[in-house]
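A short worksheet on the structure shown next.
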Amino acid sequence: MKGHTAHAARLGLERGLREFRHTLLSADQTFNLFVMVAFVVVLVLQRDSTVEGTALSLAAVTMPSSLGMIVAFNGLVGPAGQLAVNREDGTLLRAKAVPGGVVGYLVGRITQVSLDALISATCVLVSGLIVVSGLLGGTNWPLLAAVFVAGLLATMPWGAVVGSLTRSPQGAMGLTMLPMMGLTAISGIFYPIYGMPQWVQGVAQVFPVYWVGLGTRSAMLPDEAAAAEIGGSWRHLETFGVLGVWALLGFLLAPTILRRMARRESGADMEQRRQAALQRGSV
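Using full-length UniProt numbering, read the sequence shown as starting at 1 and increasing by one per residue.
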């Protein structure tokens, strides 16, 4: 049984790598190019402003914060959209019919989402280097990698839950994009969180977006920059604690919902969703 599962996981890894290579040549890279241009514009507008209590430019703080946002965005939106699409096009139903197919499918999705997040984060880094110089020299790379992994673990299972509960890719996008936009606005990504009302700061600290952003800032900014954070500290213990709780709850909940969703998948349901997609496309 263990050997069978390992074989399915290995096939899933190969599939995820293959699909990732395919996306590198797809229109998705146009979106990454747009993201790079957009970040350059934002950073240029911010580079002459400084963060209160520090000598750092606002652009220097926004760049690592944006890395955190990208990690959380890919971890939540990526699995939700892909799972919803794969339910609609029959990919998940075919995986269900093959021994170990669901395990392989999930490993493939995790692989692709993680690599997509890495590419998106690299785009942010490259765009940041155009405007903010000298930032990478003091980066704590092991800490940055740990925050990257913890952020994905804290968000990917919740993206899978949303993708399992929605009936269409549009529904999955609506239930992930809108909350992400709201959380980004209040989580100190583009503007220091100390400028927010106290109750807004409290709400932001419940969710992973703020903590991933804080973690990436702590890995890339000098220690004195912590003066602009809540409590005047990078709060590493709290960062990994909150992200760990979200990951633990997500991985406890997601498998049950995914198994239930997979059991209910049928050819009739897939055909119904396909017809609904065709009707949306003809409107």
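Here a beta-carbon is modelled for each residue, glycine too, at the ideal position from N, C-alpha and C.
What you are looking at is a predicted structure, and each value in this text was computed from that prediction instead of being measured.
Tell me the rounded alpha-carbon separation between residue i and residue j.
i: T54; j: N140; result: 20 Å
i: F73; j: S120; result: 10 Å
i: L165; j: M261; result: 8 Å
i: Y191; j: L214; result: 12 Å
i: P222; j: G138; result: 7 Å
i: T184; j: Y210; result: 8 Å
i: L67; j: T5; result: 34 Å
i: N64; j: G174; result: Looking at the sequence shown, residue 64 is not Asn but Pro. Cα to Cα, the separation comes out at about 26 Å.
i: L178; j: A38; result: 19 Å
i: R10; j: R94; result: 18 Å
i: E229; j: E52; result: 10 Å
i: P142; j: P169; result: 35 Å
i: V212; j: E14; result: 29 Å
i: G202; j: G100; result: 43 Å
Going by CA-CA distance only, name the one from the options that's closest to residue i.
i: F148; options: Q205, P192, L43 and R217; result: R217
i: G12; options: E224, L165, V71 and V103; result: V103
i: A80; options: V61, L214 and P157; result: P157
i: A226; options: L45, G101 and V61; result: V61
i: A84; options: V200, P179 and V161; result: V161
i: T111; options: V40, N86, G16 and H22; result: G16
i: I130; options: V44, A228 and F251; result: V44
i: A146; options: E14, T23, V40 and G244; result: G244
i: R21; options: L115, I230 and L237; result: L115
i: S49; options: A254, W199 and A59; result: A59
i: P208; options: I186, V40, V113 and V42; result: I186
i: A150; options: R263, V242 and A204; result: V242
i: P255; options: L106, V40 and V42; result: L106
i: S233; options: L118, Q198, Y194 and W199; result: Y194
i: N86; options: G163, L24 and F240; result: G163
Does the beta-carbon of residue i have 16 or more other beta-carbons within 10 angstroms, so that it is buried, or is it exposed?
i: A8; result: buried
i: F34; result: exposed
i: A172; result: buried
i: M181; result: exposed
i: E88; result: buried
i: L258; result: buried
i: V283; result: Per-residue confidence for V283 stands at a pLDDT of 48, beneath the threshold of 50, marking its modelled position as unreliable; the derived number appears in the next sentence. The residue in question, V283, is exposed, as its Cβ has fewer than 16 Cβ neighbours within 10 Å.
i: W246; result: buried
i: R235; result: buried
i: G231; result: exposed
State the DSSP-derived secondary structure class of residue i, mapped to helix, strand or coil.
i: S66; result: helix
i: S57; result: strand
i: V283; result: The pLDDT assigned to V283 is 48, lower than 50, so where the model puts this residue is not dependable; a value taken from the coordinates is nonetheless given after this. Three-state DSSP puts V283 in coil, outside helix and strand.
i: A228; result: helix
i: T166; result: coil
i: T23; result: helix
i: T139; result: coil
i: L11; result: helix
i: L125; result: helix
Checking 8 Å against the spacing of the C-beta atoms, do residue i and residue j come in under that value?
i: L76; j: T155; result: yes
i: Q82; j: R109; result: yes
i: M36; j: S133; result: no
i: L144; j: M196; result: no
i: P98; j: L152; result: According to the sequence displayed, residue 98 carries Val and not Pro. No, these two residues do not count as a Cβ contact at 8 Å.
i: V113; j: G78; result: yes
i: G159; j: T176; result: yes
Please confirm if residue i has its CB atom under 8 Å from at least one CB of chain C.
i: G75; result: Protein chains in the displayed structure number just one, and chain C is not present.
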